[in-house]
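Colleague: Before anything else, here's the structure in question.
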Amino acid sequence: MSGTPPFRRLYVTDCEGPLSRNDNAQELAEHFIPQGAELFARLSRYDDVLADVARRPGYNAGDTLRLLPPFLIAYGATDARVLEFSSHTVLMVPHARDLLAALPSLLDPYIISTSYTPYVQALCEITGFPFERCHCTTLSLDAWQLDDREASLLRTWAERILRRPLIEIPPEASSLADLDPVARATVAELDALFWEQMSGTVSGEMLAAVRPIGGGMKLAALEDIVAAAGRAGTDVLYVGDSITDAPTLAAVRGWGGIAVSFNGNGYALAAAEVAVAATDALPMLELARAFAAGGPAAVRAKVHDWPPGSPARVGLLESDRERLTAASLAARTAVRGEHIARLG
C-alpha cells in the first residue's frame with residue numbers, strides 16, 4: 010500500500026552566482042569574439058537600460074542573451090564548440106556541490122537560470138543534479154546559417170559597438186532622459202542595429218527566437234513549478250543574485266516565502282528579504298535545513314540568531330541594509346571577480 014508522498018517545501022535557485030562562479034555568456038563572448046568581454050559588457054549595460062530604465066515593453070532583464078548569439082555565429086561558434094567550452098570551464102562556488110547533494114533529502118530543489126542550455130547541462134553532469142529540474146535559455150546556434158555578407162556586417166557592428174563607451178547609468182535614472190548625451194547616443198545606435206537594421210535578416214530571426222529565462226520569464230518558470238507541485242507561496246525559498254532575479258525575489262517576498270540574495274548586487278538586494286554574503290555555499294545549506302524543518306519562520310529565526318563572529322554575513326535587510334549591502338558586494342567581487350561582479 011503506497012502512502013502519501015511526504016510534504017516538501019521548494020528550494021529554487023539561480024545558477025550563476027549562488028551555485029557557480031561563471032558568467033558563461035560573457036566567457037563565451039570572450040572566447041569566440043575579439044575583445045568579447047568588452048563587447049558583452051556593453052551589451053549587458055544596454056540590457057540594463059532597456060529593462061530597468063526605459064522599461065521597454067516585452068523586454069526582460071537578461072535579454073543580453075538574445076543579443077549575443079548572432080555575434081557568436083559571425084565569429085565561428087557552433088553548438089559543439091559552445092558545449093565543449095562550457096564543459097571545461099564550469100567553476101563551482103565552494104561547497105555548492107555539497108549543497109546540491111544534500112538538498113533532495115530536505116526539500117524539492119530546482120534551478121532557474123538565464124544561462125544557455127549547454128552550460129546548465131555541463132553543470133548537471135559535474136554535480137549529478139537532474140537536468141529535468143532545470144529551466145534555462147535554449148540555445149542552438151547550428152539552427153541558423155549566416156551568409157558571408159551578414160557575418161561580415163555583424164563583425165563590423167561588433168567593432169562599432171566596441172568603439173562606443175560603456176553606458177553610464179545614474180543610480181536614480183528612471184528614463185532615457187536621465188542618461189547623459191553620449192549614453193543616449195549609444196542607446197540610439199544599438200536600437201537602430203538590433204530593432205531596425207537586423208529586421209528581416211537571419212540575425213533578426215534569432216533575436217525573435219531566443220527567449221532568455223530572465224526577469225519576468227524566471228518568475229513565470231517559478232509560478233509553473235509552484236503550481237505543478239501544488240504548493241503555496243509560503244512554501245518557496247528562492248535564491249538569486251542579480252537583476253534577472255529581482256522580479257522573482259520580490260514576488261516570493263510578497264507571497265510570504267523566503268527571498269534570499271546570495272552575494273547579490275543592488276538589484277537583488279533591493280528585492281530580497283534575507284542577504285547572505287559568503288565565500289562558500291554552506292550558509293545556504295543551513296538555511297535550507299531550517300526551511301525544511303520549520304518553513305519561513307524557522308529561517309527568519311535562524312537568520313536573526315546568526316553568529317556575529319561567523320565568516321559569512323547573514324541578516325534581514327530591513328534591519329541591517331547598509332552593512333549587508335557592503336558585505337554582499339565585497340563577497341560578490343571576491344567569489345566571482347571584479348568584472349563579473351559589476352555586470353547587472
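Residues in the sequence shown are numbered consecutively from 10, following our numbering. We treat Cβ as the ideally placed atom computed from N, Cα and C, and that holds for glycine. Keep in mind that this is a model prediction, so the values were computed, not measured.
Asp151 by DSSP, collapsed to three states: which one?
Modeller: Helix.
Colleague: Output the distance between the C-alpha atoms of Leu108 and Ala255, rounded to the nearest integer angstrom.
Modeller: Their Cα atoms are separated by approximately 23 Å.
Colleague: Label Gly273 either buried or exposed according to how many other C-beta atoms from any shown protein chain fall within 10 Å of its C-beta, with 16 as the threshold for buried.
Modeller: Buried is the call here.
Colleague: Distance check for Ala105 and Gly239, CA to CA, integer angstroms please.
Modeller: Near 27 Å, if we compare the C-alpha coordinates of Ala105 and Gly239.
Colleague: Bridge partners for Leu246 per DSSP, in chain order?
Modeller: DSSP, once it has assigned bridges, lists Tyr20, Ile267 as partnering Leu246.
Colleague: Nearest to Ala50 by CA position, among Arg90, Arg309, Asn33, is which residue?
Modeller: Measuring from the Cα of Ala50, the nearest candidate turns out to be Asn33.
Colleague: In chain order, what residues of the same chain have a beta carbon less than 6 Å from the beta carbon of Glu282, not counting five sequence neighbours either side?
Modeller: The answer, listed in chain order, is Arg262, Ala268.
Colleague: How far does the alpha helix (DSSP H) with Pro180 in it extend, from its first residue to its last?
Modeller: That residue, Pro180, is in no alpha helix (DSSP H); it is neither H nor E in DSSP.
Colleague: Give a yes or no on whether the C-beta atoms belonging to Gln44 and Leu171 are separated by under 7 Å.
Modeller: For Gln44 and Leu171, yes; Cβs fall inside 7 Å.
Colleague: Below 6 Å CB to CB, which residues in the same chain sit around Tyr20 once its five sequence neighbours on both sides are set aside?
Modeller: Cβ neighbours of Tyr20 beyond the five flanking positions: Leu112, Leu116, Pro118, Leu246, Ala297.
Colleague: State the Cα-Cα distance for the pair Ala321 and Leu333, rounded to the nearest angstrom.
Modeller: Using only the alpha carbons, I get a separation of about 10 Å.
Colleague: Keeping to the same chain, check which residues put their C-beta closer than 7 Å to that of Val68; ignore five residues upstream and five downstream.
Modeller: Here residue 68 is Tyr; the residue named in the question, Val, does not match the sequence. Leu59, Ala60.
Colleague: Quick check on DSSP: helix, strand or coil for Leu109?
Modeller: Helix at Leu109.
Colleague: Use the C-beta contact count for Phe271: other C-beta atoms within 10 angstroms, 16 or more gives buried, fewer gives exposed.
Modeller: With 16 or more Cβ atoms within 10 Å of its Cβ, Phe271 is classed as buried.
Colleague: Between the segment 154-163 and the segment 123-143, do three or more beta carbon pairs fall short of 8 Å?
Modeller: The answer is no - the segment 123-143 does not touch the segment 154-163, with fewer than three Cβ pairs under 8 Å.
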